[in-house]
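Peer 1: Residue numbers (this note's numbering), protein chains in the order written: chain P, 4 to 586; chain F, 341 to 505. Below is a structure I'd like to ask you about.
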Amino acid sequence: MVNIKINGIEYSVEEGTTILEACRQNGIRIPTLCWLKDINAIGACRICVVEMSGARSLTAACVYPLSKFDEGKNILTHSPAVLESRKMTLQLLLSNHNMDCLACARSGNCELQALCKELGVDDSSYFEGAKNSFDIDRSSKHMYRDDNKCINCRRCVAVCEKNQGVGVIGANERGFNTEISCAFGMDLADTACVSCGQCITACPTGALSERDDTDKVWEALADPEKVVVVQAAPAVRASLGEAFGYPIGTSVEGKLAASLRRLGFDAVFDTNFGADLTIMEESNEFIDRMQNGGVLPMITSCSPGWIRFCEAYFPEFLPNLSSCKSPQQMAGAIIKTYWAKKKNIDPKNIVSVSVMPCTAKKFEIGRDDQSAAGVPDVDISITTRELVKMINKAGLRFTELPDEKFDSPLSEGSGAAVIFGATGGVMEAALRTAVWKLTGEAPDSPVEFNEVRGVEGIKFADYKVGDKTVKVAVVSGLANAKKLLNQVKNGEVDVQFIEVMACPGGCVNGGGQVIQPAEVRNFTDLRAERAKALYSLDSKRAVRKSHESPDIKEVYENFLGEPGSHIAHETLHTTYKASSLSK
Amino acid sequence: MAFKKSVVAFSQTPEQEQKLMEVINKEKGHKGALMPVLQQAQEIYGYLPIEVQTIIAEEMGIPLEKVYGVVTFYAQFSINPKGKYKISVCLGTACYVKGSGDVYNKLQEVLGINGGELTPDGLFSLDACRCIGACGLAPVMTINDDVYGRLKVDEVEGILAKYKE
């Protein structure tokens, strides 16, 4: 232990604790901009500086570990020198910032803006001088980059490289000319960016933002000729409430359905139906591969960021990918085939919207081989954040909405479907149905597979099923996927079934979810809290296995026949191809 | 965004490629191997175009962006080849005070390129450099081994014309 003083009061902290964490443990919040716990501790932004006795200059609290040499030292966290320095740092940042706050996507949820307010920056043009002028990169389907709002904190760079193992963005040039961009000034769309959007949720300012597709939705809703339907993904209900003041980890499933109905959608569906359908097809595919010598390990295909990663970085694993479309695309395909026919609507007249925790879904809707009815399965994909914008714009008082249900036959779905939003959820859902099938379809087959739950990046589990052992692995975060796939390639790991989610923790922590500032992210595990909301919904569902869902039974009985049937293949399965984008 | 590819088409001899591979295989796996690889690659090719950086990135298992980030951070690395006539304008303190910045801007204007680039005909490349120890002649520029001192902005075109003949 080290004995130190913070603002003259004595404390004892463990050796190796940073000043920032020591203060936090004792009720003092040190403001930060560049610091992201575990992945970006670079002491670059100088916002977290403190005054320390014996030090020649101010110290960056985020990267200073306390040791026995600091015994007895006094740390001042809000002395005039500290406050003046923090304020000047902000003024210098503003001197090269476009300050387009009123028209910025992140206004009201911007860490730079919040700090300026907190630290009393009362003259935003205190330092006048040269300003950079960068072109805005709007090349991607899922996001844009406006470096005129970038503060060079490198949080996006850190998540892209360290969490996702992608690294298509970085700091180029030097000094005043430094710009976070792609190699050789390439457009993001020309690189092997996987569209996961993790950089967006890491960005403290409005430099990175999803492409806003809400205008397209408003336009469709106002068109009397169109039938506008919507589906919402499982993970959306685990994060949406955060934007309306609910504690992190609150499910707002009922209000989600109610808000979509009040926005004017003609039918309000749940992607959970698509998730249940995915399980029917995927577990069938897995058993078939096991029993008939198919390519193993089979790897899940629900996460479009992962699919792009596999196509660019591990094309040799394309035959391992399940041919199943993602739940979004399966639900979309059923809407424009089965549902359209049932309701006697021309699929060309349907505008199918999805609300997703994900930015890669914006890319996925435009992929080849994703149009079961001859028109795209899904027409517009918006993120959880864009739904928040729509709810606010429409003046819906979210907290006062009643709890409502989704429309049949694409409704709430089973407990297996709702856990799709957390890492390990797809595997557990698949095991619920696969084990049931492989053990003689006993109604009391196991429901919970706790070994695959939890936020760890790589998980392994073995299950004895009849006379066979099924070995599975679950990974989230593409850097972990890279690690596992290399192990599989080198024969160090032997598994038959792998679940991969591009985002760390799965969809609950997706790139399209409500953005929590680093302040919150650094001290609350969003992945775990949001996942709890989904597991709680699962435990309360009457139906917890996909194959027991009445909606699923209806659609197979009236339309698809059996899992893996010819029509199921035409409607619900897809293909992949290697990409040669710049890595 | 402007794609900053070199204006001159890339070509390499089998010897150059083989030499680069030898360098990479020798350095690969060491901590901080990227810098020595880039330095030697620039010696082999004279510059570091996207083609060379891509080989280095792929062979060393580093993202291309990371390689590019290092190359653009250090002034000694160039992503463009040098011209038949290599122009260097001293932007050291003495020369700068005496107006070498204006000379540099004039050269960019007349040649139609930015600093660090090469004219499409391959004749001139332009770079800023640090003090060359001829402060008494400030402002100074060099074209290959020729030194031009006490330069005035309106002399620039005449000097370039000599090399175009």
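We put the beta carbon where it would ideally sit given N, CA and C, even for glycine. Keep in mind that this is a model prediction, so the values were computed, not measured.
For Q234 of chain P, which three-state DSSP category applies?
Peer 2: Here the question's residue 234 of chain P lines up with position 231 in the first sequence. Reduced to three states, the DSSP call for Q234 of chain P is strand.
Peer 1: Are K462 of chain P and V450 of chain P touching if we call contact CB-CB under 9 Å?
Peer 2: Residue numbering aside, residue 462 of chain P sits at position 459 when the first sequence is read from its first letter. Residue numbering aside, residue 450 of chain P sits at position 447 when the first sequence is read from its first letter. No, these two residues do not count as a Cβ contact at 9 Å.
Peer 1: Going by C-alpha to C-alpha distance, which of P:D103, P:S128, P:C107, P:G75 sits closest to L95 of chain P?
Peer 2: Position 92 of the first sequence, counted from the start, is the residue given in the question as residue 95 of chain P. When only C-alpha atoms are compared, the closest one is P:S128.
Peer 1: Starting from K406 of chain F, find everything on chain P with Cβ-Cβ shorter than 9 Å and list it in chain order.
Peer 2: By one-based count along the second sequence, residue 406 of chain F stands at place 66. Within chain P, the residues near K406 of chain F are E164, G170, G173, A186.
Peer 1: Name, please, each residue of chain P whose Cβ falls closer than 7 Å to the Cβ of F413 of chain F.
Peer 2: Position 73 of the second sequence, counting from 1, holds the residue named residue 413 of chain F. Ordered by position in chain P, the residues that pass the 7 Å Cβ test against F413 of chain F are R177.
Peer 1: To the nearest angstrom, how far is it from the Cα of E403 of chain P to the Cα of G123 of chain P?
Peer 2: As a working mapping, residue 403 of chain P is identified with position 400 in the first sequence. As a working mapping, residue 123 of chain P is identified with position 120 in the first sequence. E403 of chain P and G123 of chain P: Cα-Cα distance of roughly 35 Å.
Peer 1: Quick check on DSSP: helix, strand or coil for K219 of chain P?
Peer 2: Working through the first sequence from its first residue, we reach residue 219 of chain P at position 216. Three-state DSSP puts K219 of chain P in a helix.
Peer 1: Distance, Cα to Cα, D486 of chain F vs K502 of chain F?
Peer 2: As a working note, residue 486 of chain F is residue 146 in the second sequence. As a working note, residue 502 of chain F is residue 162 in the second sequence. Their backbone Cα atoms lie some 12 Å apart in a straight line.
Peer 1: Buried or exposed: where does M341 of chain F fall if 16 or more other Cβ atoms within 10 Å of its Cβ makes it buried?
Peer 2: By one-based count along the second sequence, residue 341 of chain F stands at place 1. Residue placement at M341 of chain F cannot be trusted, given a pLDDT of 45 that sits under 50; what the coordinates show is reported in the next sentence. The residue in question, M341 of chain F, is buried, as its Cβ has 16 or more Cβ neighbours within 10 Å.
Peer 1: Suppose the cutoff is 7 Å on Cβ atoms and the five residues either side in sequence are ignored; what does the same chain contact list for K70 of chain P look like?
Peer 2: Indexing the first sequence from 1 puts residue 70 of chain P at position 67. Checking the displayed sequence, the identity of residue 70 of chain P turns out to be Ser instead of Lys. Hits under 7 Å: V5, E18.
Peer 1: By Cβ distance, which residues of its chain are closer than 7 Å to A468 of chain F, with the 5 residues on each side in sequence left out?
Peer 2: Translated into positions along the second sequence, residue 468 of chain F becomes position 128. Closer than 7 Å at Cβ, skipping near neighbours: V429, L431, Y444, G455.
Peer 1: Does M341 of chain F get closer than 9 Å to chain P when you measure Cβ to Cβ?
Peer 2: If you number the second sequence from 1, residue 341 of chain F lands on position 1. Per-residue confidence for M341 of chain F stands at a pLDDT of 45, beneath the threshold of 50, marking its modelled position as unreliable; the derived number appears in the next sentence. True, the Cβ-Cβ gap to chain P drops below 9 Å.
Peer 1: So K344 of chain F contacts chain P; which residues on that side make the cut at Cβ distance below 8 Å?
Peer 2: Residue numbering aside, residue 344 of chain F sits at position 4 when the second sequence is read from its first letter. The answer, in chain order, is F187, G188.
Peer 1: When we look at the beta-carbon of Y341 of chain P and count the other beta-carbons within 10 Å, is it buried (16 or more) or exposed?
Peer 2: Residue 341 of chain P sits at position 338 when you count from the first residue of the first sequence. Buried.
Peer 1: Applying a beta-carbon distance threshold of less than 7 Å, which residues of chain F neighbour S585 of chain P?
Peer 2: Locating residue 585 of chain P in the first sequence gives position 582, where the first residue counts as 1. What S585 of chain P touches in chain F: L404.
Peer 1: Reducing DSSP to helix, strand and coil, say where T574 of chain P ends up.
Peer 2: As a working mapping, residue 574 of chain P is identified with position 571 in the first sequence. Correct three-state label for T574 of chain P: helix.
Peer 1: In chain order, what residues of the same chain have a beta carbon less than 8 Å from the beta carbon of L39 of chain P, not counting five sequence neighbours either side?
Peer 2: Translated into the one-based positions of the first sequence, residue 39 of chain P becomes position 36. If we look at L39 of chain P and ignore the five residues flanking it on each side, its Cβ neighbours are R158, A161, V162, A205, A521, R524, N525.
Peer 1: Nearest chain P C-beta to E383 of chain F closer than 9 Å, yes or no?
Peer 2: As a first step, residue 383 of chain F is located in the second sequence; it is residue number 43 there, counting from the start. No, E383 of chain F lies away from the interface with chain P (no Cβ there is under 9 Å from its Cβ).
Peer 1: Please state whether the Cβ-Cβ distance between I42 of chain P and N29 of chain P is less than 9 Å.
Peer 2: Counting from 1 along the first sequence, the entry for residue 42 of chain P is found at position 39. Counting from 1 along the first sequence, the entry for residue 29 of chain P is found at position 26. Against a cut-off of 9 Å, the Cβ pair of N29 of chain P and I42 of chain P comes out as no contact.
Peer 1: Here's the rule: buried if 16 or more other CB atoms are within 10 angstroms of the residue's CB, otherwise exposed. What is S15 of chain P?
Peer 2: Taking the first sequence and counting its residues from 1, the one referred to as residue 15 of chain P is at position 12. Answer is exposed; the Cβ neighbour count stays below 16.
Peer 1: Around the Cβ of E450 of chain F, are there at least 16 other Cβ atoms within 10 angstroms (buried) or fewer (exposed)?
Peer 2: Within the second sequence, residue 450 of chain F is the residue found at index 110, counting from 1. Going by the sequence as given, residue 450 of chain F is Val instead of Glu. V450 of chain F is exposed by the Cβ-count criterion.
Peer 1: Whose C-alpha, out of P:N77, P:L23, P:M102, is nearest the C-alpha of A63 of chain P?
Peer 2: Start at 1 with the first residue of the first sequence, and residue 63 of chain P comes out as number 60. Closest option to A63 of chain P, Cα to Cα, is P:L23.
Peer 1: Closer than 8 Å is the cut-off here; do at least three beta carbon pairs connect the region 237-244 of chain P with the region 185-192 of chain P?
Peer 2: No, because fewer than three Cβ pairs between the region 237-244 of chain P and the region 185-192 of chain P fall closer than 8 Å, the two stretches do not touch.
Peer 1: Could you check what DSSP says for M341 of chain F in three-state terms: helix, strand or coil?
Peer 2: Translated into positions along the second sequence, residue 341 of chain F becomes position 1. Confidence in M341 of chain F is poor, its pLDDT being 45 and thus under 50, which makes the residue's placement too unreliable to answer from.
Peer 1: Taking only runs that begin and end inside the region 31-117 of chain P, name each unbroken beta strand (DSSP E) of 3 or more residues, in chain order.
Peer 2: Taking only runs of at least 3 residues, the beta strand (DSSP E) segments lying wholly in the region 31-117 of chain P are 52-55, 77-79.
Peer 1: Along chain P, in chain order, which residues have C-beta atoms closer than 8 Å to that of I395 of chain F?
Peer 2: As a working note, residue 395 of chain F is residue 55 in the second sequence. Ordered by position in chain P, no residue passes the 8 Å Cβ test against I395 of chain F, which lies about 13 Å from the chain.
Peer 1: Is there at least one Cβ from chain F nearer than 9 Å to T194 of chain P's Cβ?
Peer 2: As a first step, residue 194 of chain P is located in the first sequence; it is residue number 191 there, counting from the start. True, the Cβ-Cβ gap to chain F drops below 9 Å.
Peer 1: Contact between the region 390-405 of chain P and the region 414-429 of chain P: three or more CB pairs below 8 Å?
Peer 2: Contact between the region 390-405 of chain P and the region 414-429 of chain P is absent, because fewer than three Cβ pairs lie under 8 Å.
Peer 1: Can you give, in chain order, each stretch of the alpha helix (DSSP H) that sits fully within the region 433-472 of chain F and has at least 4 residues?
Peer 2: Entirely contained in the region 433-472 of chain F, the alpha helix (DSSP H) runs reaching 4 residues are, in chain order, 433-437, 440-451.
Peer 1: Can you give me the start and stop residues for the alpha helix (DSSP H) that S262 of chain P sits inside?
Peer 2: Here residue 262 of chain P refers to the residue found at position 259 of the first sequence. From DSSP, the alpha helix (DSSP H) with S262 of chain P extends over 256-266.
Peer 1: Taking Q331 of chain P and S357 of chain P to be in contact with their CB atoms under 8 Å, please state how far apart those CB atoms are, rounded to whole angstroms.
Peer 2: Within the first sequence, residue 331 of chain P is the residue found at index 328, counting from 1. Within the first sequence, residue 357 of chain P is the residue found at index 354, counting from 1. At roughly 5 Å, the Cβ-Cβ gap stays under 8 Å, so Q331 of chain P and S357 of chain P are in contact.
Peer 1: Buried or exposed for G543 of chain P, going by 16 or more other Cβ atoms inside 10 Å?
Peer 2: Taking the first residue of the first sequence as 1, we reach residue 543 of chain P at position 540. The amino acid occupying residue 543 of chain P in the given sequence is Lys; Gly does not appear at that position. Looking at its Cβ environment, which holds fewer than 16 other Cβ atoms inside 10 Å, K543 of chain P is exposed.
Peer 1: Is there a Cβ of chain P sitting closer than 9 Å to that of G372 of chain F, yes or no?
Peer 2: Here residue 372 of chain F is taken as the residue at index 32 of the second sequence, counted from 1. It does not: the Cβ of G372 of chain F has no partner Cβ on chain P nearer than 9 Å.
Peer 1: I want to verify the contact list: residues of chain P whose CB lies under 7 Å from the CB of I390 of chain F, in sequence order.
Peer 2: As a first step, residue 390 of chain F is located in the second sequence; it is residue number 50 there, counting from the start. Ordered by position in chain P, the residues that pass the 7 Å Cβ test against I390 of chain F are F187.
Peer 1: What would DSSP say about Y129 of chain P, mapped onto helix, strand or coil?
Peer 2: Within the first sequence, numbered from 1, the residue matching residue 129 of chain P stands at position 126. The answer is coil: DSSP assigns Y129 of chain P none of H, G, I, E or B.
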